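Shown next, in structure tokens, is the structure this report addresses.
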Amino acid sequence: MKTILALTDFSESAENASRYAYELAKRVKAHLMLCNAITVPLSQPIPAEWFGQWIMIRSLARAKER
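Just so you know, numbering that gives the first Met the number 0 puts 63 at position 64 of the sequence shown, and the rest follows in order with no gaps.
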């Protein structure tokens, strides 16, 4: 099984790269996996039960900024 991993920071450049990865995946019949990673500052402790929700809210806010 072929898989293409495309990293994104939701910038315009990353969007173009994601489109290219999508077209390439279609052409070679591969799965496409998009990944966005963030740095979590240790200076802002977050309760474990809120962590996933915090990441989602923060990622959406960053995407809207761009």
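We put the CB at the ideal spot given by N, CA and C, even for glycine. On a predicted model such as this, the values are computed, not experimentally measured, just so you know.
{"query": "Under the three-state DSSP convention, the category Ala5 falls into", "result": "strand"}
{"query": "Strand pairing of Leu31, partner residues [DSSP]", "result": "Ile3"}
{"query": "DSSP three-state assignment for Ala36, whether helix, strand or coil", "result": "coil"}
{"query": "Cβ contact (3+ pairs, closer than 8 Å) linking the segment 16-27 and the segment 52-63", "result": "no"}
{"query": "Pairwise C-alpha distance: Ser42 and Tyr19", "result": "37 Å"}
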